[in-house]
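These notes are about the structure you will find just below.
Residue numbers (the working numbering): 17 to 205.
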């Protein structure tokens, strides 16, 4: 025995569908005895709703849909385990939007990093120099081109070799406004 869900629809669209469950031997039995099974379903709906068939017909309930009633499948649909095609499409669209957003964000971050890295490479350089004067915490160092640079630091003495990490301040043609960002002692020389 299998359960068939029989649903009556109003062709006027004014009323909600009505359904009931009818037990039959098999789908093959239903296919050979459609009229009998549909009549039983209509009689059962009339008994459940306490109305007569004529009133159903008057209200436009003239279409019937019958499907095998799979209780486990219906419970799974209600609990959200089985998604409808509409829900699947909506979820796919949301996934696609999230992937596109993350891809765009990743691309933006890469551009920012590379842009910043490029800017750092273009505006940074190093110079080797020798400390020529040290007074309190102000050091003066002369590079190989004869430019004298001043920086604040401790532990330096005249004759020390240092590496000056420089920033061009985005003026490549003017060395006079360059700044020292870091100083390291050159060991072993």
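Backbone N, C-alpha and C define an ideal beta-carbon position, used for all residues, glycine too.
- Of the candidates 178, 189, 187 and 192, 178 places its Cα closest to the Cα of residue 198.
- Pairing residue 21 with residue 37 gives a Cβ-Cβ distance under 7 Å.
- The C-beta distance from residue 40 to residue 53 rounds to 6 Å, short enough to meet the 8 Å contact threshold.
- In the pairwise beta carbon analysis, the stretch 119-133 is classified as not touching the stretch 157-166: fewer than three pairs are separated by under 8 Å.
- Counted as a single uninterrupted DSSP element, the alpha helix (DSSP H) harbouring residue 45 occupies residues 43-48.
- Assignment of beta-bridge partners to residue 166 by DSSP yields 156.
- Short of 8 Å from the beta carbon of residue 35, and not among the five residues preceding or following it, lie these beta carbons of its own chain, in chain order: 21, 22, 23, 24 and 61.
- Separation of the CB atoms of residue 170 and residue 153 is rounded to 6 Å, and the pair is thereby assigned contact status at 8 Å.
- Distance from the Cα of residue 172 is smallest, within the candidate group 182, 124 and 151, for 151.
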